[in-house]
Amino acid sequence: DRINHSAQYLSETIDDFRNFFIPNKEKSKVNLLEVFKKTLDLISAQFNSKEIKIIKNIETIEFESYENELIQALINILNNSRDELIKKENERFIFVDAYKNDDYINIVIKDNAGGVIKENLNKIFEPYFTTKYKSQGTGIGLYMTEEIITKHLNGHISVKNKAFVFNDKKYVGAQFRIMLNLNNEEE
92 DRINHSAQYL SETIDDFRNF FIPNKEKSKV NLLEVFKKTL DLISAQFNSK EIKIIKNIET
152 IEFESYENEL IQALINILNN SRDELIKKEN ERFIFVDAYK NDDYINIVIK DNAGGVIKEN
212 LNKIFEPYFT TKYKSQGTGI GLYMTEEIIT KHLNGHISVK NKAFVFNDKK YVGAQFRIML
272 NLNNEEE
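Using my numbering, the first residue of the sequence shown is number 92, and each one after it goes up by one.
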């Protein structure tokens with residue numbers, strides 16, 4: 092079932108890429124908790140096999156959006172965290188907080204992979220920028236994520252390094268914040 096589900100999603104992703112620059116797609120009512128359930132279902136096998144724990148705190152919020160594009164953006168961020176976490180020997184965590192604050196949906200995703208090299212923080216959303224070996228990274232994932240969030244979902248995305256404590260241990264990791272304006276209608 093999971094393989095079939097993934098294949099269906101990949102087929103839809105191909106259609107999404109095909110329609111990426113067509114501006115008149117239809118928004119639909121989505122539930123943030125369901126969006127994350129679908130996202131995590133698609134990636135859970137590879138994250139479980141790499142012993143990456145995802146700690147979730149996600150509110151149930153309904154809003155109008157392009158569900159598949161939001162899922163694609165979330166997968167890109169989570170996969171980047173995975174790629175950094177698998178370089179670490181010890182505990183591997185990804186924290187996902189999603190909540191409504193005023194007229195915004197806030198999605199905060201952070202890991203304990205050590206963070207982004209300071210010089211790279213302002214380049215991370217540039218096309219073709221990658222810290223991975225050429226055979227493993229194209230530099231398109233986070234660029235496309237920013238395009239989806241800012242141009243298609245009328246939102247904002249940022250990244251910073253964040254120090255935090257979890258289970259009485261100190262960690263440092265990259266923290267991505269997505270803000271989607273609930274009142275921002277497309278022009």
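For every residue, glycine included, the Cβ atom is placed at its ideal position computed from N, Cα and C.
Should residue 198 and residue 267 be called a contact, given that it needs their Cβ atoms to be closer than 9 Å?
Contact flag set, yes.
Counting along the chain, where does the alpha helix (DSSP H) carrying residue 166 start and finish?
158-176
Take the Cβ of residue 264 as the centre, count every other Cβ of all protein chains shown within 10 Å, and call the residue buried at 16 or more, exposed below.
buried
Would you kindly report the start and end of the unbroken beta strand (DSSP E) that includes residue 186?
183-192
Enumerate in chain order the residues of its own chain whose CB-to-CB distance from residue 272 is below 7 Å, with the five nearest sequence positions on each side excluded.
194, 195, 245, 246
Less than 9 Å between the C-beta atoms of residue 168 and residue 208, yes or no?
Taking 9 Å as the cut-off, the beta carbon of residue 168 is found no closer than this to the beta carbon of residue 208.
How would you write the range of the alpha helix (DSSP H) that residue 139 sits in, first residue to last?
123-140
Closest to residue 127 by CA distance: which of 120, 150, 219 is it?
150
Got a sec, what are the start and stop residues for the alpha helix (DSSP H) residue 280 sits in?
A question about residue 280 goes unanswered here, because the residues of the chain that appear run from 92 up to 278.
Do residue 211 and residue 184 have their beta-carbon atoms positioned less than 9 Å apart in this structure?
no
By alpha-carbon positions, which one of 253, 213, 252 ends up nearest to residue 234?
213
For the beta strand (DSSP E) that residue 262 lies in, which residues bound it at each end?
260-272
Going by CA-CA distance only, name the one from 206, 180, 236 that's closest to residue 219.
236
If you follow the beta strand (DSSP E) that residue 247 is in, where does it begin and where does it stop?
Counted as a single uninterrupted DSSP element, the beta strand (DSSP E) harbouring residue 247 occupies residues 246-257.
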